[in-house]
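Asker: At position 122 of the sequence shown the residue is numbered 243 (the working numbering), and the sequence of numbers has no breaks. We put the beta carbon where it would ideally sit given N, CA and C, even for glycine.
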Amino acid sequence: MGDDRGSLISLEQSKNIPFKINRVYYIYGTKTNVVRGKHAHTSLKQVVVCVNGSCKFLLDDGLKKEVIELNSPDVGLYIGKNIWREIYNFSKDCILIVLANKQYNEEEYIRDYKKFIKTIKK
Ligand code: TYD
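#1: Determine whether the beta carbon atoms of Ile204 and Asp182 lie at a separation below 7 Å.
#2: Given this structure, state the Cα-to-Cα distance separating Glu187 from Gly197, to the nearest angstrom.
#3: So, helix, strand or coil for Tyr234, using DSSP?
#4: From what residue to what residue does the beta strand (DSSP E) around Lys177 run?
#5: State the Cα-Cα distance for the pair Lys159 and Arg206, rounded to the nearest angstrom.
#6: Would you say the region 211 to 225 touches the region 139 to 156, given that touching needs at least three Cβ pairs under 8 Å?
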């Protein structure tokens, strides 16, 4: 919804965000060479927007791995349940905003890759 003054992007639940938004968090000031994530969620759905800078997402559904670079505030990356993710190559100015359909619950994290593979094969 930008105009000649600049850009404006609106995120609305059930419109361009495919779920009810229950949580928003953001990640910034990530140190160089840090790898974040390294987990999957058994039920969480998320949309990630890199509103400044850039970083890379490795996404893995247990069968196929894909690397996606996020470097534009007009792109949202949807990550459904049971996807292993690793986030790396953060630029110093990287800011990630994440919209999630559930509140934080450590019990629905899978932080062990072998356990992730076992879970998705069930
Ligand atoms: P974590 O999910 O491990 O971060 P990342 O996957 O990006 O590396 O979260 C780091 C810490 O923050 C961990 O102790 C859990 C806590 N946390 C919350 O309390 N609420 C939240 O919404 C999130 C995402 C994390």
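Answerer: Inspection of the coordinates gives the following:
#1: The criterion of a C-beta distance shorter than 7 Å is satisfied by Ile204 and Asp182.
#2: Straight-line Cα distance between these residues: approximately 16 Å.
#3: helix
#4: 176 to 181
#5: 6 Å
#6: yes
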